[in-house]
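First comes the structure, then the notes that go with it.
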Amino acid sequence: MKGMVIVGLLLLSGCASQTKVDTREGDLIAMNNNQGLSVYYQKQLQSDPNNTVLMAKIVKNYLKLDDIESALFYTKHLIDLGYDDSGFLYLAGNVYMASEQYLLAVDTFQAAQDKGYNKAELNISLGVLYSSLQEFDKALEQFNRARLKGFDDVAIKNNIAVIYIAKQEYKKAIAMLTPIYERVPDNERLRMNLAVALIRVKDYKNAREILSSDYSDAEFSQLVTTIKVL
Numbered sequence: 001m002k003g004m005v006i007v008g009l010l011l012l013s014g015c016a017s018q019t020k021v022d023t024r025e026g027d028l029i030a031m032n033n034n035q036g037l038s039v040y041y042q043k044q045l046q047s048d049p050n051n052t053v054l055m056a057k058i059v060k061n062y063l064k065l066d067d068i069e070s071a072l073f074y075t076k077h078l079i080d081l082g083y084d085d086s087g088f089l090y091l092a093g094n095v096y097m098a099s100e101q102y103l104l105a106v107d108t109f110q111a112a113q114d115k116g117y118n119k120a121e122l123n124i125s126l127g128v129l130y131s132s133l134q135e136f137d138k139a140l141e142q143f144n145r146a147r148l149k150g151f152d153d154v155a156i157k158n159n160i161a162v163i164y165i166a167k168q169e170y171k172k173a174i175a176m177l178t179p180i181y182e183r184v185p186d187n188e189r190l191r192m193n194l195a196v197a198l199i200r201v202k203d204y205k206n207a208r209e210i211l212s213s214d215y216s217d218a219e220f221s222q223l224v225t226t227i228k229v230l
C-alpha cells in the first residue's frame, strides 16, 4: 500500500509562541472552542494588525479548524515578513505538509531545527512527511529519533508499521503491531493498520475479528476488495 501514511497523530502539537495567554483566550483554549478563538483572534488583529505572534496563533488555530487556505495565507505573510520563531517554523512546516507542498515542508522543518526546535513531534512530522515522499529510510530515522526523545511508543510503532506495509513487508508490520494490539485493542488506527497487513497476507479470519466492532460483514468484504486492488 504505497504512500499510505498516518497523518492525524501530531500535526498540531507544536507551540507557536511562549507568550502569556489572557483569561478570555485561556478559557476558549480550555474549552477547545477553536471557532470562538478564531473570532477572538480576528478582533485582536483588528486593533493590532502588525502583531506577528498573534498571527502565528491564528495560523495554529486555522490548522486545527482544517482551514488550510487561511492557515497558508497567514503563514506566507509571516514568512514574507521574515518571522522566524522556531515554534512558528515548525507550525509552518505542518501547514505546508497539509497543503501537499512537501519539499517546502521539509525545508521549513529543517529551518525550525536550525533555530533550535528539537522536540520529538518535529521528528514525527518529518517521519510522516518522508513517508509521504516514499523516502522510507529517512522516515524510519526520524521516527527512531523521536523514540529516543521519549515520544509515545505506540504512535511511533504504528507509523513504522505503515512503512512496512508500504514496502510490502507485511509480516514485519504484523509482528510489530500484534503485541501492541493485545495491550491497547481500542486504538482504532492500530486496528486498521494491523487488519490491512493481515488482509495482505490473506489472514482474513483474524482481520475480520479485529475489525468486528468497526465493520459489518458486507463492509468488511468491500474493504478486502478495496485493499486487494491497491
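UniProt numbering puts the sequence shown at residues 1 to 230. Even for Gly, the Cβ is constructed at its ideal location relative to N, Cα and C.
Between Ala-161 and Val-95, the alpha-carbon positions lie close to 25 Å from each other. In the three-state reduction of the DSSP assignment, Met-97 falls in the helix class, which pools H, G and I. DSSP, reduced to helix, strand and coil, places Pro-185 outside both helices and strands of the structure shown, so it counts as coil. Taking Leu-140 as the centre and dropping the five residues before and after it, the same chain places the C-beta of Ile-160 and Ile-163 closer than 7 Å to its C-beta, in chain order. The Cβ-Cβ distance between Asn-193 and Val-154 does not fall below 9 Å. Contact annotation: the stretch 104–118 touches the stretch 77–92, with at least three C-beta pairs closer than 8 Å.
For Ser-70, the enclosing alpha helix (DSSP H) has its first and last residue at 68–80. Rounded to whole angstroms, the separation of the alpha carbons of Met-31 and Glu-25 is 10 Å. In the three-state reduction of the DSSP assignment, Tyr-83 falls in the coil class, being assigned neither a helical nor a strand state.
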